[in-house]
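Enquirer:
Protein chains: 2
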Amino acid sequence: MNRTDYIQAAEAHCERRGCKLTALRRQVLELVLRHQGVVKAYQVLADLQKERGIAAPPTVYRALDFLVEQGLLHRVDALNGFVVCDHFECQHESMILVCETCGKVQEVDVMAALAGLHDVADAADFTLSRQNLTLTGLCKACRI
Amino acid sequence: MNRTDYIQAAEAHCERRGCKLTALRRQVLELVLRHQGVVKAYQVLADLQKERGIAAPPTVYRALDFLVEQGLLHRVDALNGFVVCDHFECQHESMILVCETCGKVQEVDVMAALAGLHDVADAADFTLSRQNLTLTGLCKACRI
DNA sequence: GTCGTGATGTTATACAGTAACATTCGCCAT
DNA sequence: ATGGCGAATGTTACTGTATAACATCACGAC
């Protein structure tokens, strides 16, 4: 899916969920798309400032929070960053793999593996929220 | 295991690993133990200042980093916090469950479930680091 | 119109973490 | 003992991350 298609799909996705991908939110989403991998909020802020003059932290944080809420982005806690989700349509939980060496990120579907975690949580009388796991390790290229 | 026993075991644990649980590090560990659940670095800093007058952020961060390295604490990325590990002796990977409502934390052993995650990662040509997962959800009490 | 609601702008500040350098402490080789 | 080394701690200052609180704007419902 190219960038334009993605944005269009994202817009429809928001519409279906009863909210709007406004101009600002779209602009922030585009800025995140332009990077590959994890982006930091203040990087987005800097980019945004280049494009539209002044902008303050709350502006980008509000947009990023919205995009995460809609499932268009995932927050990567371990890195204080954000990464695009390219399958926001389907409801799969997923696992985000972050390479400790090169920083590259990949997202994989893990319904099966997560079932095991849910079992363990159930055994501990704990109900997991829907969530995307972020795990760190070494990608193929860096492992060599 | 009570607090005193824990500290003693922790001290021995460090000794075995060829490093020292110094007075400062022990004091920080005690401060973390005093809370239940997740503690923030600046909370520890404030506590430390109450006990010994001035203290600066690097002082507690260095101690916390050391304790995490020794396996005595886990970092909880999602909360920018730290939590005591009560089984630092065994090498199990574990899963930390954080209740979204009451903030209580429990740690459970999940070798089996993690095996599934490792399989998925392998399939993606990705080598996971040893790590402790942090998942959010609702604990028994808050689910009602 | 105007009112309510949601989005955005603005200011200021709180919270989190680290770089860089100074100082102290414990140890041990001489 | 002493001087020198490495690890730990102290100190200053800063960078990065995030949010509170309030002002303003856009726009549809009535």
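So the sequences go chain by chain: D and G.
With our numbering, the residue at position 122 of the first sequence is 122, and numbering never jumps.
Every position in the second sequence, counted from 1, becomes a number in our numbering once 1000 is added.
Glycine included, each C-beta is placed from N, C-alpha and C at the ideal position.
Predicted model only: the values in this text are computed from it and were never measured.
1. Rounded to the nearest angstrom, how far is the Cβ of G/V1076 from that of G/V1083, given a contact under 8 angstroms?
2. Counting only runs of 4+ residues fully inside the stretch 45-100 of chain D, write out the alpha helix (DSSP H) ranges in chain order.
3. At the 8 angstroms Cβ level, is G/D1122 part of the contact set with chain D, yes or no?
4. Does any C-beta atom of chain G lie closer than 8 angstroms to the C-beta of D/A78?
5. How is G/T1127 classed by DSSP in three states: helix, strand or coil?
6. Name the chain D residues whose beta carbon is nearer than 8 angstroms to that of G/M1095?
7. Among the candidates G/K1104, G/D1109, G/V1120, G/V1108, whose CA atom is the shortest distance from the CA of D/M111?
8. Looking at G/M1001 and G/D1065, is the spacing between their C-beta atoms short of 8 angstroms?
9. Does the beta-carbon distance from G/A1078 to G/V1098 come in below 8 angstroms?
10. Helix, strand or coil: how does DSSP classify D/R137 here?
11. Take the Cβ of G/G1053 as the centre, count every other Cβ of all protein chains shown within 10 Å, and call the residue buried at 16 or more, exposed below.
12. DSSP on G/V1028, reduced to helix/strand/coil?
13. My guess is that D/V39 and D/V32 are in contact by the Cβ rule of under 8 angstroms, so how many angstroms apart are they, rounded?
14. What is the rounded straight-line gap between the Cα of G/R1062 and the Cα of D/E15?
Expert: This is what the structure gives:
1. Right, the Cβ-Cβ distance comes to about 6 angstroms (below 8 angstroms), so this counts as a contact.
2. Here the runs fully enclosed are 57-69.
3. When Cβ-Cβ separations below 8 angstroms define contact, G/D1122 makes no contact with chain D.
4. So, interface residue.
5. In this structure, G/T1127 counts as strand in the three-state DSSP scheme.
6. Near G/M1095 (Cβ distances below 8 angstroms), the residues of chain D are L117, V120, A121.
7. Nearest in C-alpha terms to D/M111, of all of G/K1104, G/D1109, G/V1120, G/V1108, is G/V1120.
8. Not in contact: G/D1065 and G/M1001 (Cβ atoms no closer than 8 angstroms).
9. Taking a C-beta distance under 8 angstroms as the contact criterion, G/A1078 and G/V1098 qualify as a contact pair.
10. Note that residue 137 of chain D is Gly in the sequence shown, not Arg. Residue state, collapsed to three classes: strand.
11. Exposed, because fewer than 16 other Cβ atoms sit within 10 Å of the Cβ of G/G1053.
12. If DSSP states are grouped into helix, strand and coil, G/V1028 belongs with the helices.
13. The beta-carbon separation of D/V39 and D/V32, rounded to 5 angstroms, stays under the 8 angstroms limit for a contact.
14. Distance from the CA atom of G/R1062 to the CA atom of D/E15, rounded to whole angstroms, is 48 angstroms.
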